[in-house]
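Chemist: Please read through the structure below; I'll follow up with questions.
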Amino acid sequence: MSAVINVVCYKWKTLANGESPLMVRVAKSGKRTMQSLGISVNPKYWDFTRNKPKPNCPNKEYIQKIILDKQRELQQRMLELNIEQKEYTTTTLLNNEHTKFELKTVSEFYHELIEQYTREDKCGNRLIYKSSFNSLKVFTKGKIDIPFSDIDTSWLNKYEKWLRSKDNKETTISLMFRTLRSTYNKAIKAKCARKSDYPFDEYKVNKFDTTTQKRAIAKTDVLKFTTEVHGGIDYLCRLCLCAFMN
Numbered sequence: 006m007s008a009v010i011n012v013v014c015y016k017w018k019t020l021a022n023g024e025s026p027l028m029v030r031v032a033k034s035g036k037r038t039m040q041s042l043g044i045s046v047n048p049k050y051w052d053f054t055r056n057k058p059k060p061n062c063p064n065k066e067y068i069q070k071i072i073l074d075k076q077r078e079l080q081q082r083m084l085e086l087n088i089e090q091k092e093y094t095t096t097t098l099l100n101n102e103h104t105k106f107e108l109k110t111v112s113e114f115y116h117e118l119i120e121q122y123t124r125e126d127k128c129g130n131r132l133i134y135k136s137s138f139n140s141l142k143v144f145t146k147g148k149i150d151i152p153f154s155d156i157d158t159s160w161l162n163k164y165e166k167w168l169r170s171k172d173n174k175e176t177t178i179s180l181m182f183r184t185l186r187s188t189y190n191k192a193i194k195a196k197c198a199r200k201s202d203y204p205f206d207e208y209k210v211n212k213f214d215t216t217t218q219k220r221a222i223a224k225t226d227v228l229k230f231t232t233e234v235h236g237g238i239d240y241l242c243r244l245c246l247c248a249f250m251n
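Under this note's numbering, the very last position in the sequence shown is 251; numbers go up by exactly one each time.
Written as structure tokens, this is what we have:
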């Protein structure tokens with residue numbers, strides 16, 4: 006969402022010369038921030054409806070030039086941030102600060118997560134995300150080097166249909182989608198994906214019925230994942246084999 010930029014006369018404050026300061030006001034996502042423009046005007050010479058000097062305002066041309074220059078500066082800054090896909094707030098826009106987005110592909114981010122859990126010796130987490138990545142890799146026929154923005158509701162519906170075509174149980178499908186959703190959330194938090202592209206507000210993961218299988222995924226699903234998913238026995242297989250052995 007782009008910001009709205011305008012200049013207002015802050016009539017609630019009166020300076021020593023009897024004038025009120027002109028403030029540049031930036032509004033974005035329901036938040037507003039104001040910053041002094043460095044000049045002031047007598048409120049009687051200000052058009053509060055159009056937010057500009059009245060025709061009879063002293064030094065009108067000078068005031069208008071300062072206003073237009075500041076608006077152009079902020080508009081240009083905002084345009085550059087949007088082009089470079091850098092997130093910003095009203096405050097960071099005014100202060101020329103920004104948080105850079107380093108967008109990564111689904112494959113890149115999954116590999117970073119898996120490597121992180123390997124370093125932290127979190128075997129369970131590593132196996133869960135490795136299993137999810139392998140499933141996505143098979144579904145996309147190896148073409149998983151895509152931006153997170155490609156994963157929309159249509160894409161998710163196709164993935165669900167594919168999982169069902171492989172006779173996966175609801176428990177397995179639920180696990181795959183919950184892990185994918187978790188990965189997407191982590192990518193947003195790490196500024197590697199945009200919240201505006203997030204599909205799981207519309208696509209509900211809790212729709213899958215997991216109440217009929219309380220302990221483990223069906224053994225047939227384990228065997229199928231073992232043969233279809235590259236990279237060895239994944240977390241699902243380990244989890245279910247342990248359940249069957251107990």
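All C-beta atoms, glycine included, are put in the ideal place defined by N, C-alpha and C.
1. Does the beta-carbon of residue 67 have 16 or more other beta-carbons within 10 angstroms, so that it is buried, or is it exposed?
2. Using the Cβ count rule (16 or more neighbours within 10 Å means buried), how would you classify residue 99?
3. Quick check on DSSP: helix, strand or coil for residue 76?
4. Looking at the strands, I want to know which residues DSSP matches up with residue 30.
5. Are the region 67–78 and the region 15–22 touching, with three or more C-beta to C-beta distances below 8 Å?
6. Check whether the region 168–183 touches the region 151–160, taking contact to mean three or more Cβ pairs, one atom from each stretch, closer than 8 Å.
7. Can residue 134 and residue 215 be called in contact, C-beta distance under 9 Å?
8. Mapping DSSP to helix, strand and coil, what is residue 152?
9. In whole angstroms, give me the CA-to-CA distance for residue 219 and residue 31.
10. Please tell me whether residue 144 and residue 168 are closer than 9 Å, where the distance is taken between their beta carbons.
11. Within the continuous alpha helix (DSSP H) that includes residue 115, where are the two ends?
12. Give a yes or no on whether the C-beta atoms belonging to residue 33 and residue 123 are separated by under 9 Å.
13. Answer with yes or no whether the minimum CB distance from residue 101 to chain D is below 9 Å.
14. Taking only the alpha-carbon atoms, compute the straight-line gap between residue 49 and residue 25 and give it to the nearest angstrom.
15. Exposed or buried, residue 8, counting other C-beta atoms within 10 Å across all chains shown (16 or more means buried)?
16. With a threshold of 6 Å on Cβ separation, who are the neighbours of residue 29 within its own chain once the five nearest residues in sequence on each side are excluded?
17. Based on Cα-Cα distance, which residue from 190, 115 and 88 lies nearest to residue 142?
18. Whose CA, out of 117, 36, 136 and 159, lies closest to the CA of residue 209?
19. Beta-carbon within less than 8 Å of residue 119's beta-carbon, same chain only, minus the 5 sequence neighbours each way: which residues are those?
20. Quick check on this structure: which residue in 90, 166, 82 and 84 has the alpha carbon closest to the alpha carbon of residue 196?
21. Judging by CA-CA distance, which residue of 44, 37 and 14 is the nearest neighbour of residue 55?
22. Rounded to a whole number of angstroms, what is the C-alpha to C-alpha distance between residue 206 and residue 200?
23. Could you compute how far the alpha carbon of residue 146 sits from the alpha carbon of residue 125?
24. Considering Cα atoms alone, identify which of 127, 198 and 10 is closest to residue 84.
Modeler: According to the structure data:
1. Label assigned to residue 67: exposed.
2. buried
3. helix
4. Answer is 11 and 39, bridged to residue 30.
5. no
6. As far as the Cβ criterion goes, the region 168–183 does not touch the region 151–160, which means the pair count is below three.
7. no
8. strand
9. Because residue 219 carries a pLDDT of 47, less than 50, the predicted location of this residue cannot be relied on, and no value is offered for it.
10. Between residue 144 and residue 168, the CB-CB gap stays under 9 Å.
11. 111–124
12. no
13. Absent from the structure is chain D; it holds one protein chain and no more.
14. 10 Å
15. buried
16. Hits under 6 Å: 12, 40, 42 and 75.
17. When 190, 115 and 88 are compared, the shortest CA-CA separation from residue 142 is found for 115.
18. 159
19. 131, 134, 135 and 138
20. 90
21. When each option's Cα is compared against that of residue 55, the closest is 14.
22. 10 Å
23. 30 Å
24. 10
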